[in-house]
Amino acid sequence: MSKEYRIAVVGATGAVGVEMLRVMERRNFPVSKLKLLASPRSAGTTLKFRDDEIMVEPLGVNSFEDIDVALFSAGGGISKEYAPIAVQSRAVVVDNSSAFRLQQDVPLVIPEINGGDIAAHKGIIANPNCTTAVALMALYPLHQKFRVKRVIASSYQAVSGAGARAIEELKSQVKTLAGGGAAKPEVFPHQIAFNVIPQVDSFLESGYTKEEMKLQEEGRRIMHHPNFRASVTCVRVPVYRAHSVAVTAEFESPVAAYEAREAISAFPGVRICDDTSSQSYPMPLEVAGQDDCFVGRIRADCALENGLSFWVCGDQLLKGAALNAVQIAEAL
Ligand code: A2P
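According to the working numbering, the sequence shown holds residues 1 to 332 in order.
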C-alpha cells in the first residue's frame, strides 16, 4: 500500500487555501489526516474535504507537531513566523508567499521546469509568484530551444490574486455602481469595477512595483538563468479569475512562430490556443478552473531581432498557486 501523509493547510479559508483542498481531492493526494489552519476569526467553522466536514483550527505554535507536509498560503508575515516553527516540528513546508522565494537555501520550484531543485530543500520549498508561474510556463520551453535574453511584458491580473476580500470588492462595486451608487475602494487603491489599475503591490524606488520585479528575480532562479532580464508592467483588471500576460521576448537564436508553437506544444502543463482565422486565443473566462496554461497570439516580433510576441493565460489560483504547491508536495 502506498504511504499516506499528514497535511496541514495554513490559510485554508483563503482564496488559495480552498483551491488547495479541491486540488488534493481531484488529484487523489494520499492524505491520512488533514489539519485546516486559519486565523482565530475562522476557528470553529468547517470546510469540506472528500466526504468529511473538517473543523478549522486557529494557527498556533503547536499546530505542526503531527504533520508531514504544511502548505502555507496566509501571507508573508505568517510564513516568516510559522514556517520555521513547522520545520522545527519536522514538517516540510511548501510556501506560497514571497517570504523565502529569493533565499538561496530555499528551492523555488515549478515542477515542470526545475523539479530537480526540490531535492536540495532544507525544510522549506517556495512556490513562485502567480504571474511569474503563468509567464514561465510559456517562456521556458522557448528558452530551452532558443535561449531567452530578455522580455518586455504586461500583465492583466485577476482580482482573486489579491484574495477572497478582493473578489467580494469587485462583486459589490459592480452591484453598487449598477444601482447608481458610488464605489468605495478598500482592498484596491482605486475603483476596480469598470476600470484597470496599473499598480499591483507597492512601489520601489526604481518606479517598478515589487510584483513587477518578480518575473526577473524569480525567473532567474527557476530557469537557472542569472542574466535573464524582464521589464514588466503589472495591471489589475476587473476579471475574477485567471491572469493573462502579453510577452515580447528576445532570444539568442532566431525563432519562427511555427517553431515556437512546436516547442510549447511539446511541454507539459501548457497548451496552444492560437488560430486567428477563428478568432481563437486564450481568455480568462475559458481558462479559469483549468490546470494547464494556454498560449496564443504567437507571432514574430516586428520590433526586435530574434523576437517573438505571444499571449499567455493561466488560472493563477491553480498553476499560479494551489496546483503548483500540490505538485511540489507530490514530487516530495
Ligand atoms: P481567515 O479566513 O481566518 O482570515 P486570502 O488570501 O484569501 O485573503 O486568505 C488569507 C488566508 O490567511 C485566510 O485563510 C486567512 O484566515 C489566513 N490568515 C490571515 N491572517 C491569519 C493569521 N493571523 N493567522 C492564521 N491565518 C491567517
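Where is the CB? At the ideal position from N, CA and C, for every residue including glycine.
Inset, instruction - Using the DSSP secondary-structure output, state which residues sit across from Pro198 in a beta bridge. - result: Paired residue(s): none; Pro198 is not in a bridge.
Inset, instruction - State yes or no: is the C-beta of Val94 within less than 8 angstroms of the C-beta of Gly123? - result: No, they are not a contact pair.
Legend entry - Ordered list of beta strand (DSSP E) runs contained in the segment 118–187, each at least 3 residues: 124–126 and 148–157, all fully within the segment 118–187.
Inset, instruction - Return the Cβ separation of Gly289 and Asp274 in integer angstroms, given the expectation that the two are a contact with Cβ distance under 8 angstroms. - result: Wrong, their Cβ atoms sit about 20 angstroms apart, outside the cutoff.
Inset, instruction - Look at the alpha carbon of Gly14 and the alpha carbon of Ser73, and state the distance between them as a whole number of angstroms. - result: 8 angstroms
Inset, instruction - Would you kindly work out how many angstroms separate the C-alpha atoms of Ile118 and Lys33, rounded to a whole number? - result: 23 angstroms
Legend entry - Proximal residues to Cys130 (C-beta, below 7 angstroms), its chain only, five neighbours per side dropped: Gly161, His243, Gln316, Gly320 and Ala321
Inset, instruction - Return yes when the C-beta of Met71 is under 7 angstroms from any heavy atom of the ligand A2P, and no when it is not. - result: The sequence shown places Leu at residue 71, rather than the Met named in the question. No; taking the cut-off as 7 angstroms, the Cβ of Leu71 has no heavy atom of the ligand A2P nearer than that.
Legend entry - Residues that DSSP places opposite Phe310 in a beta bridge: Note: Phe310 sits in a beta bridge opposite Val247.
Legend entry - Exposed unless 16 or more other CB atoms sit within 10 angstroms - verdict on Val121: First, the amino acid is wrong: residue 121 is His here, not Val. Buried, because 16 or more other Cβ atoms sit within 10 Å of the Cβ of His121.
Inset, instruction - Tell me whether Leu204 is buried or exposed, calling it buried when 16 or more other Cβ atoms sit within 10 Å of its Cβ. - result: exposed
Inset, instruction - Kindly examine the ligand A2P and report whether one of its heavy atoms sits closer than 7 angstroms to the Cβ of Gly75. - result: yes
Inset, instruction - Report yes or no: do the segment 130–139 and the segment 219–234 share at least 3 C-beta pairs separated by less than 8 angstroms? - result: yes
Inset, instruction - Pick out whichever of Glu330, Pro282, Asn227 and Gly219 has its Cα sitting closest to the Cα of Thr132. - result: Gly219
Inset, instruction - Taking Leu285 as part of the alpha helix (DSSP H), name the residues at either end of that continuous run. - result: Pro284 to Val287
Inset, instruction - Would you grab the beta carbon distance between Gly309 and Thr233 for me? Rounded to a whole angstrom, and I think it's under 8 angstroms. - result: Per the sequence presented here, residue 309 reads as Ser, with Gly not at that position. So it is not a contact: roughly 15 angstroms between Cβ atoms.
Legend entry - Proximity test, Arg236 beta-carbon vs the ligand A2P heavy atom, cut-off 7 angstroms: no
Inset, instruction - Would you kindly report the start and end of the unbroken beta strand (DSSP E) that includes Arg229? - result: Arg229: member of the beta strand (DSSP E) spanning Arg229 to Arg236, first to last residue.
Legend entry - Near the ligand A2P: Ser42 beta-carbon under 7 angstroms from a heavy atom: yes
Legend entry - Any non-hydrogen atom of the ligand A2P closer than 7 angstroms to Leu318 Cβ: No, the Cβ of Leu318 stays beyond 7 angstroms of every heavy atom of the ligand A2P.
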